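Protein chains in written order, with the numbering used here: chain E, 17 to 382; chain U, 17 to 382.
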C-alpha cells in the first residue's frame, strides 16, 4: 500500500463513483461499544448480522471485528461473510472506512480523511477516536490498494453523497460545523471536495435530520437514486420541527441544478412518526464518561433515506411504522432492477445511525 | 471460510506441499512481547523487518501486527509488504499460522492445529496463548480459504517438515512430549499426521537441538532440501553435548528410507560455536511471570538449519561466527537456483527461534 501525499484523485484521474454503480463488495464493523449499543452491543449485533446477510446475498461482505469479538462474530455470521480482526472505537464503517475513488482503467484507491468522532473536542460524541481514524488506512492495506492521505481534513463518509457524474451533495450544518475544519472557509472546503472526489458542483443543503447528532449528515436526509434524481426525507406534519427543515431543503434543491446542468427531480420519502427512546432502552446503555448517552424521551434521527444500495438490492430501515410500507414502495419504484429488503433497525437507530451509516461500498475494480 | 470438521485433507485429496514448492507468499507476525524480545521488542523488530524485506524480494509478504504496533509496523516496513492488524501472544508464525494443504486442482486449505505455547501447563513457555491459537483460523478467513479444525491435536508448524512426496519428519522429544498430546500413543500421533498432511512415512528423529525450548523442533535440526535429501545440524566438537545428539540423528537417518523407498542423502550443516546469552542481553528482557525469561550464560539454540525457502531465495541466519560462511556455501550448493541471503539474527535467537520459526509459507494457489 502506497500512501499518496503529493497528488489528489482529480489530478490522477480518479473520481468517486456513485453508490448505485457496481460494487466489489461492502465493509461493515461489528458493534461492541456498550455506551452506543444496548446490552453490551448484544441487540445491535443481531441487527448487524441481519444486514450483513441481506447485503451478502448481492455482493461480498467483509466484517471487521475487534479481537474480543472475533470468535463471536465468526459464530454469528455465515461462512460466506469474511470476518477480519480490526480494532475500532465504534462501528460506523460509512464514516471512517475509506471513501474509494476509481479511474477509467478500473483501478481503485482509498481516501483517508481525518476522523474526530463528529466534532472532536468541540462537540464530538466520544473520546478517543484513534482506532477509528486508523481504519481507512488499514482497510486499504488489507485490500492492497493505495491511499490518499487527507487526514488534515476532517470528513465522514456519511456527510457526502455523489451522483457519479460530477455532483456532490453535503449539508451546511455538518461541513461548516465548528468541530471539523473551522479554519477553512466554505470555498476552501469546496476546493478539497472537488480535488478529492473529482466533482465540479457541490450542492449545499442547509440542514440534516432534526436532532441528528452527526451535525446533520446528508445521508440521513437526502440521497441520489440516479443521476439527476434524489429522495428527500419528508413530513406533512406541520407540528413537527422537521417540517420546516425538509421544506427548506426542498426549496434549495428546486433552485439548483447538478453538474450537468440538470434540474434535480426530488422524490419525497416520508419519515416515520417521531421515534423517541424509552426509559427501558436508556437503561440498556452504559454511560459515556460522566453522563448518560441518551435520556428517556430523546428523539432519534429515524429516516428511511439511510438505506444502502447493494449490487442487486436496496437494504433499507424499517421502524414498525405505518410509513414503512409506503417508503419501501417508493424506493422499489425508484430502483426497479433491485429487490428492496426492509430490516427492522430500531436497535441500530438507538446507536445513532442506520444502515447507510454502518456500511461502506468498495467499487468494483480490476 | 468454511470450518471443516468431518473430513481430513487425505480424504479430500489435499496434501502438504514441501517448502521448496512454489509459494503464493509468506506470513510473519510483528514482535512486541517484551519478555521474549529485548528492549520491548525494539531489537527484534529491526531484524524482522530485514527478514521480511529479504523474503519480499522473492514473494509477497503479509505481516500481522497487533493494534498497538500497527502504525509502527507500517512505518518500518516498505509499501510493498502488506500489514494487517491481528492480535497474538507472540510472533511465531511457523508455529501457529495455518499449515496449508493443496489438492491437484491447485486449491489450498488451512489446518488449524491446537496450540498451547509449546507444552501448555506442563512446560509451556508463556500463558495465556489464546490469541496465538486463534490465528490460523483468522488467517484462513483473511485469505478466503477453508480450514480444517484440528484444535483437539496440539502441534506446531515448526515440529514437522515434509518432502512433498509422502514423507514427514518429526522429533520424538517434541511430538511425544508430555505437554502436547499425552493421551495419544506414537501410533495414534502418526495416524493424525498421515490423515492431515497426507503422508505415508513418518521419520522420527530422536532429538532436536540441545536446549531448544520448543522440546526440540525438527525445523532447528534437520530440513528437507529436496526429495530424498536433508541437511542436518552438525558439530565435530566432541566436548559439545550436541555432538552425541547430531550423531544419534545421523545414525537414525542412515537407517531409514523415505516414503518412496529412497535412502536419504544427509548433508551435514555445521553449527556455530555455542552461543550463550550475556548479562546485558538478559537485562534487556522483561520478566515472564515471577522469573526471568533467561539467565546469563544460558545456551541458545543457534542453528543454520532454521532457514526459510522463498520462491527464488534462501533466507538464512547468521551469528557472526566463522561457520556463517561455510553454512552459506553449503546451502548455496544445495539450492543452486536460489540466491542465499544471510541475515544476522542474534536478536531473534534471543527470543527463542530463528528465521524459519517466524515465517510460514502460503503455497501457490488458483
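Glycine residues also receive a C-beta, built at the ideal position from the N, C-alpha and C atoms. Just so we're clear, the structure is a prediction, and the values are computed from it rather than from any experiment.
Length of the line joining the Cα atoms of residue i and residue j
i                      : j                      : result
residue 18 of chain E  : residue 28 of chain E  : 14 Å
residue 334 of chain E : residue 257 of chain E : 22 Å
residue 187 of chain U : residue 220 of chain U : 5 Å
residue 34 of chain E  : residue 25 of chain E  : 15 Å
residue 365 of chain U : residue 159 of chain U : 30 Å
residue 40 of chain U  : residue 325 of chain U : 12 Å
residue 74 of chain E  : residue 342 of chain E : 24 Å
residue 142 of chain U : residue 58 of chain U  : 20 Å
residue 378 of chain E : residue 172 of chain E : 16 Å
residue 304 of chain E : residue 51 of chain E  : 6 Å
residue 15 of chain U  : residue 265 of chain U : For chain U, the structure presents residues 17 to 382; residue 15 of chain U sits outside this window and is missing.
residue 144 of chain E : residue 363 of chain E : 24 Å
residue 45 of chain U  : residue 228 of chain U : 21 Å
residue 132 of chain U : residue 300 of chain U : 26 Å
residue 309 of chain E : residue 302 of chain E : 7 Å
residue 185 of chain E : residue 206 of chain E : 11 Å
residue 100 of chain E : residue 82 of chain E  : 9 Å
residue 136 of chain U : residue 368 of chain E : 45 Å
residue 320 of chain E : residue 332 of chain E : 7 Å
Candidates the options, of which the one nearest residue i by Cα
i                      : options                       : result
residue 76 of chain U  : U:350, U:341, U:338 and U:327 : U:327
residue 119 of chain U : U:91, U:214 and U:66          : U:214
residue 285 of chain U : U:261, U:237 and U:54         : U:237
residue 117 of chain U : U:64, U:185 and U:211         : U:211
residue 296 of chain U : U:313, U:125, U:287 and U:282 : U:313
residue 47 of chain U  : U:375, U:380 and U:167        : U:375
residue 37 of chain U  : U:176, U:180, U:192 and U:101 : U:180
residue 273 of chain U : U:209, U:191, U:292 and U:182 : U:182
residue 97 of chain E  : E:114, E:151, E:79 and E:280  : E:79
residue 152 of chain U : U:126, U:381, U:202 and U:138 : U:126
residue 268 of chain E : E:287, E:276 and E:248        : E:248
Burial state of residue i (16 or more Cβ within 10 Å)
i                      : result
residue 233 of chain U : buried
residue 148 of chain E : buried
residue 155 of chain U : buried
residue 23 of chain E  : exposed
residue 356 of chain U : buried
residue 204 of chain E : exposed
residue 194 of chain E : exposed
residue 70 of chain E  : buried
residue 352 of chain E : exposed
residue 339 of chain U : buried
residue 114 of chain E : buried
residue 277 of chain E : exposed
residue 121 of chain E : exposed
residue 112 of chain E : buried
6 Å CB neighbourhood of residue i in its chain, flanking five on each side removed
i                      : result
residue 373 of chain E : 108, 110 and 174
residue 21 of chain U  : 165
residue 157 of chain E : 17
residue 49 of chain E  : 106
residue 196 of chain U : 170
residue 53 of chain U  : 47, 60 and 367
residue 243 of chain U : 179 and 181
Beta-bridge pairing of residue i - partner residues as DSSP gives them
i                      : result
residue 199 of chain E : For residue 199 of chain E, which the question treats as bridged, DSSP gives no partner whatsoever.
residue 99 of chain U  : U:79
residue 128 of chain U : U:165
residue 282 of chain U : U:246
residue 320 of chain U : Paired residues: none, contrary to the question.
residue 140 of chain E : Partner(s): none; residue 140 of chain E has no beta bridge.
residue 44 of chain U  : U:79
residue 178 of chain E : E:184
residue 14 of chain E  : There is no way to answer for residue 14 of chain E, as the model of chain E reaches only from 17 to 382.
residue 315 of chain E : E:292
residue 24 of chain E  : Beta-bridge pairing links residue 24 of chain E to no other residue.
Cutoff 7 Å; reference residue i; Cβ partners in own chain excluding five residues on either side
i                      : result
residue 92 of chain U  : 61 and 65
residue 289 of chain U : 337
residue 218 of chain E : 184, 186, 206 and 209
residue 138 of chain U : 194 and 195
Nonlocal neighbours in the same chain, by C-beta distance under 8 Å from residue i, ignoring five residues either side
i                      : result
residue 189 of chain U : 222, 223, 224, 231 and 232
residue 86 of chain E  : 99 and 101
residue 84 of chain E  : 48
residue 251 of chain U : 258, 259, 262, 286 and 287
residue 283 of chain U : 241, 245, 246, 247, 248, 346 and 350
residue 275 of chain U : 179, 181, 182, 183, 215, 216 and 217
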